[in-house]
Amino acid sequence: MRRHQRILGSRPGAGSAGRPSLGRRQFIGGAGAAALAAALAGCTGGGQMSRESGGSSGALQWWDQFRPLTKMLQDDLFAPYMKAHPGVTIERRQMDVPDLGQALQVGRRSNQMPDVHSLAGLGTSAAALVSEGWFQPIGKLADFQGSPVGEFVYDGIHRFDGEIYSIPPFSGRWHEAVPWFNTALLKQAGVDPEEEPGTWDQLRDVARRLTKGTDDGVYGIVVPSKDAEYLQILVNRLAMTAGAPGGIDWATGAYAYDAQQYADAVEFLVALQTDKVVHPASPSMGARDARARWAAGQAAVYLWGAWFIGGLRVDEPEAVERGVGTWHIPCPEKSRNFVYSPPQPGTFWVSSQSKRAQEAAELMLQMTTKEFQTKLAAAMDQPPALAEVVEEAEVHPAYRQCVVNFQDDVRIAPVPEVATPAVWQVLAEMRDVHPNLGDIVQSVLTGSTSDVAGELRRYNDAMSAERERAIKAVREEKGVEVDTKAWVFANWDRKADYDQKAYAER
Amino acid sequence: MTTTIRRRERPSVAASRDGGRRGLLSRLRQDWWIYLFLLPTVLGYGAYTVYPLLASWWFAFLDWPGFATAGTFVGVENFERLIGDDLFWNAFWNSIVFLVFAVPLRVGLALVLALVLNRKKTPFKGFFRTLFFLPVVTTGAIVGVVFTLLLDASGPVSLALVWSGLIDSPANFAANAGTSLYAGIAVWVWKWLGITLIYWLAALQTIPQVVHEAAMIDGAGAWAEFRHVTMPLLVPFLVIITLIDTVAAFNVFDLMQTLTGGGPSFSSEVIEIFIFRTAFQATVPQLGYASAAAVLFGLLTMAFAIAQALGMRWARGRTGAA
Numbered sequence: 174m175r176r177h178q179r180i181l182g183s184r185p186g187a188g189s190a191g192r193p194s195l196g197r198r199q200f201i202g203g204a205g206a207a208a209l210a211a212a213l214a215g216c217t218g219g220g221q222m223s224r225e226s227g228g229s230s231g232a233l234q235w236w237d238q239f240r241p242l243t244k245m246l247q248d249d250l251f252a253p254y255m256k257a258h259p260g261v262t263i264e265r266r267q268m269d270v271p272d273l274g275q276a277l278q279v280g281r282r283s284n285q286m287p288d289v290h291s292l293a294g295l296g297t298s299a300a301a302l303v304s305e306g307w308f309q310p311i312g313k314l315a316d317f318q319g320s321p322v323g324e325f326v327y328d329g330i331h332r333f334d335g336e337i338y339s340i341p342p343f344s345g346r347w348h349e350a351v352p353w354f355n356t357a358l359l360k361q362a363g364v365d366p367e368e369e370p371g372t373w374d375q376l377r378d379v380a381r382r383l384t385k386g387t388d389d390g391v392y393g394i395v396v397p398s399k400d401a402e403y404l405q406i407l408v409n410r411l412a413m414t415a416g417a418p419g420g421i422d423w424a425t426g427a428y429a430y431d432a433q434q435y436a437d438a439v440e441f442l443v444a445l446q447t448d449k450v451v452h453p454a455s456p457s458m459g460a461r462d463a464r465a466r467w468a469a470g471q472a473a474v475y476l477w478g479a480w481f482i483g484g485l486r487v488d489e490p491e492a493v494e495r496g497v498g499t500w501h502i503p504c505p506e507k508s509r510n511f512v513y514s515p516p517q518p519g520t521f522w523v524s525s526q527s528k529r530a531q532e533a534a535e536l537m538l539q540m541t542t543k544e545f546q547t548k549l550a551a552a553m554d555q556p557p558a559l560a561e562v563v564e565e566a567e568v569h570p571a572y573r574q575c576v577v578n579f580q581d582d583v584r585i586a587p588v589p590e591v592a593t594p595a596v597w598q599v600l601a602e603m604r605d606v607h608p609n610l611g612d613i614v615q616s617v618l619t620g621s622t623s624d625v626a627g628e629l630r631r632y633n634d635a636m637s638a639e640r641e642r643a644i645k646a647v648r649e650e651k652g653v654e655v656d657t658k659a660w661v662f663a664n665w666d667r668k669a670d671y672d673q674k675a676y677a678e679r
Numbered sequence: 139m140t141t142t143i144r145r146r147e148r149p150s151v152a153a154s155r156d157g158g159r160r161g162l163l164s165r166l167r168q169d170w171w172i173y174l175f176l177l178p179t180v181l182g183y184g185a186y187t188v189y190p191l192l193a194s195w196w197f198a199f200l201d202w203p204g205f206a207t208a209g210t211f212v213g214v215e216n217f218e219r220l221i222g223d224d225l226f227w228n229a230f231w232n233s234i235v236f237l238v239f240a241v242p243l244r245v246g247l248a249l250v251l252a253l254v255l256n257r258k259k260t261p262f263k264g265f266f267r268t269l270f271f272l273p274v275v276t277t278g279a280i281v282g283v284v285f286t287l288l289l290d291a292s293g294p295v296s297l298a299l300v301w302s303g304l305i306d307s308p309a310n311f312a313a314n315a316g317t318s319l320y321a322g323i324a325v326w327v328w329k330w331l332g333i334t335l336i337y338w339l340a341a342l343q344t345i346p347q348v349v350h351e352a353a354m355i356d357g358a359g360a361w362a363e364f365r366h367v368t369m370p371l372l373v374p375f376l377v378i379i380t381l382i383d384t385v386a387a388f389n390v391f392d393l394m395q396t397l398t399g400g401g402p403s404f405s406s407e408v409i410e411i412f413i414f415r416t417a418f419q420a421t422v423p424q425l426g427y428a429s430a431a432a433v434l435f436g437l438l439t440m441a442f443a444i445a446q447a448l449g450m451r452w453a454r455g456r457t458g459a460a
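Set out below in structure tokens:
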């Protein structure tokens, strides 16, 4: 060290008399070494930082995507619980769906999972995640079976190997293609909101009148076609209104994307575009962009989910004040067909890494009470599991109408994993097929292809082949007994809900 | 000053002479503080560059669904799947097209601008340099979002083209399968032009004024001077600048993801978006497959670069022989 001091010109023994000398370089070197030592001490053998996961460091961590629920969850669930349990702190993070999915994947691999989270953005079945050890059961920590939502708890969706892992605080009776309209623009165009466009042709006509009868730069409808997933969902719902059972024909178990109803649904969207009633910037819009354009008064009608109005109230409240209304999802003909949705899956799950499962279970049980369900309805996101509370909840009349319409329009569909638990292994093995339905619709709407029937047939064949491959793989590699019969529900009645009794009688 | 320098040189020269003879441990003990100061950089580089690089090679041989904590070794299966994956090749060629169009455009346009801004007679040089540099310091994702609005069918670009009669009806450049990739290229060139302009200005200022004056005395016009004097002196810089811009052209994720999202119908999906989509947006995220895509793309790009270098050497050899 003396040599260095000489070279760099510092004086030997320059420290204070009577104390060990500490030169500048010694200080910096020492501080660097100390910082390095501290960093190394903070690492575990596995290379992860020593911060304990799952909120055991203090607060109960809660991650979800429900933006309209932000205030309600804080005021009506977390704050009262923290008040009743002084030692508990709850920290919630709301993220957009794709961000949440990525954060959860990264959190899982780095042992930094929140205590409670939703599954948005993960895109896989809860069963697959349960099998990978993501969650811990909560059925013994609180009486979910005896709760008001107990009848909506299904094997293969919420309960695995006899243990309840999650509950559905929301109803399964909803869809994502609700026509929301701007009442001010309807008035300007002389369209009576009470004259509900019940058919596709009537909606086309209303969109034409709206485009023609409003200011320049205002269009009848907006279809955010940058978002292929939105298009996939929209066309799926429209095809159901034309009589399709969904992507799978439950009578045969075969994929049904090549059915005429799907081609008709795509052609309907093309017809709207040909009429020049679709906002011309639609191809550059995602679903939220479209809602913002709708709120800005650039489009009169937008088909999206029940959460539309709750989201507006948070981000563009003036649009709600201005006037918003809703209709039934239109069908091709005057005779109406149902839209099919599976039972609502579990919304919140408790991480297997969490050390606060008891508190998490208690919070989730509180979500099943009628009082909380009423407040949940008032946030106007997805309809609550106890749909009857909407009638007395403080909600916008359009939201109330939307939930009433769901009772008319939606029936609960079968879920293969409930009847045959091994199905989830096939689903987890299946790889994405592209171009999928959304990609195909996007191609058609942007003029990349016009062969709708051919593209749908190719997609249907590819999906069938991929399912066959996945079945073969899990049978051979994992010894799982499953075949395509697991997708057949011969007793499915398209006019009725496929309930617990129907599974038992299958 | 001379004395000081000499005094400081002596030990280092001596150290370098001794270096070969001294063992590693001896050097570590003697100069431990040098290595201590190097340690943060070495650790940072190792953790954030070398480890991910090596890890991605290892991951490429795994079947790793993103929900599992670890993958299982599957050999070269991921690479075999990639070779038969049309969307991988679509993304690969989109990246190559991006490179082939964007880099010459950015390098060439920046050179032209630099020549103009380097002239003594050009007014408001400082203002224009700042103006061209402004997009460089703007976040790529923000640029993507803003240009989504500017380039859509109701945006000012489309309306101006319709008004001027260049197109018949409004066009959505970022959301049309035929133009989305080129819209991305144009926005990328616009955004990064300023930094390449700075490189060129720095390069131009290394050319001594006397060289220009000598050319002028010899009667060279502006074009002849550029062609026979300026350009040959700029060639070493051209190589470096092209290399820097080429590397940058492979890092366009933020811009393309926000501008087009790779669509419509994968028409502007570059390799980074393909990797991101496979790793994070698939129904079952495929980390091994995404890593294999990154590795294969790297290898193929490297093969292209080597082939190009060999081709150039061969061409130079033939020219020399002739």
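Which chain is which? The protein sequence lines are A and B, in order. The opening position of the first sequence corresponds to residue 174 in my numbering, with each subsequent residue numbered one higher. The opening position of the second sequence corresponds to residue 139 in my numbering, with each subsequent residue numbered one higher. Even for Gly, the Cβ is constructed at its ideal location relative to N, Cα and C.
Residue i classed as buried or exposed, judged by whether at least 16 other C-beta atoms fall within 10 angstroms
i, result
"A/Y671", "buried"
"A/N343", "Inspection of the sequence shows that residue 343 of chain A is occupied by Phe rather than by Asn. Flag for A/F343 reads buried."
"A/T217", "At A/T217, the pLDDT of 33 sits below 50, so the modelled position is not reliable; the number obtained from the coordinates is stated separately. Its Cβ having fewer than 16 others within 10 Å, A/T217 is exposed."
"A/A468", "buried"
"A/H452", "buried"
"B/M354", "exposed"
"A/H607", "buried"
"A/I613", "buried"
"B/V250", "exposed"
"B/F418", "buried"
"B/R456", "exposed"
Neighbour list for residue i in chain A, Cβ cutoff strictly below 8 Å
i, result
"B/L225", "H607"
"B/G322", "Going along chain A, no residue has its Cβ under 8 Å from B/G322, so there is no contact; the nearest lies around 13 Å."
Neighbouring residues, chain B, relative to residue i (Cβ below 7 Å)
i, result
"A/P490", "Simply none; closest approach about 23 Å."
"A/P456", "N310, A313, P402"
"A/E305", "F205, A206"
DSSP three-state assignment for residue i, whether helix, strand or coil
i, result
"A/R584", "strand"
"A/F511", "coil"
"A/Y475", "strand"
"A/V451", "strand"
"A/G260", "coil"
"A/Y428", "strand"
"A/W236", "strand"
"A/H134", "The structure shown has nothing for residue 134 of chain A, since chain A only spans 174 to 679."
"B/V300", "helix"
"A/D554", "coil"
"A/I340", "coil"
"A/W160", "There is simply no residue 160 of chain A to check, as chain A begins at 174 and stops at 679 in what is shown."
"B/F442", "helix"
"A/Y671", "coil"
"A/I394", "strand"
9 Å Cβ cut-off: residues of chain B touching residue i
i, result
"A/G420", "Ordered by position in chain B, no residue passes the 9 Å Cβ test against A/G420, which lies about 13 Å from the chain."
Within chain A, the residues that residue i reaches when beta carbons sit closer than 9 Å
i, result
"B/V422", "G296, T297, A301, L600, A601, E602, M603, R604, D605"
"B/T286", "K399, A454, S457, M458, D462"
Contact list for residue i against chain A, beta-carbon separation under 7 Å
i, result
"B/A291", "P453, A454"
Contacts of residue i in chain B (Cβ-Cβ under 8 Å)
i, result
"A/R269", "According to the sequence shown, residue 269 of chain A is Asp rather than Arg. None at all; the shortest Cβ gap to chain B is about 13 Å."
Selection of the stretch 547-570 of chain A by Cβ proximity to chain B, strictly under 8 Å: Within the stretch 547-570 of chain A, no residue qualifies.
Can you give me, in chain order, the residues of the stretch 205-229 of chain B that have a beta carbon less than 8 Å from any beta carbon in chain A? Cβ contacts with chain A come from F205, A206, T207, L225.
Using a Cβ-Cβ cut-off of less than 9 Å, list which residues of the stretch 618-634 of chain A approach chain B; keep chain order. Result list: L618, T619, G620, S621, T622.
The stretch 272-287 of chain A: which residues have C-beta closer than 8 Å to a C-beta of chain B, in chain order? Cβ contacts with chain B come from G274, Q275, Q278, R281, R282.
What are the residues in the stretch 388-400 of chain B lying within 7 Å of chain A by C-beta distance? Of all residues in the stretch 388-400 of chain B, G399 have a Cβ within less than 7 Å of some Cβ in chain A.
Near-chain B residues of the stretch 385-399 of chain A (beta-carbon distance less than 8 Å), N- to C-terminal order: The stretch 385-399 of chain A vs chain B, Cβ under 8 Å: G390, S398, K399.
At a Cβ cut of 9 Å, what residues of the stretch 330-349 of chain A count as close to chain B, listed as they run along the chain? Shown here is that no member of the stretch 330-349 of chain A has a Cβ falling below 9 Å from a Cβ of chain B.
Give the residues from the stretch 521-550 of chain A that approach chain B closer than 7 Å (Cβ to any Cβ), ordered along the chain. Cβ contacts with chain B come from no residue of the stretch 521-550 of chain A.
Interface positions of the stretch 409-421 of chain B facing chain A (Cβ-Cβ less than 8 Å), listed along the chain: Among the residues of the stretch 409-421 of chain B, those with a Cβ less than 8 Å away from any Cβ of chain A are F418, Q419, A420, T421, in the order of the chain.
What are the complete alpha helix (DSSP H) segments, minimum 4 residues, inside the stretch 371-413 of chain B? Taken in chain order, the unbroken stretches of alpha helix (DSSP H) that lie wholly in the stretch 371-413 of chain B and span 4 residues or more are 391-397.
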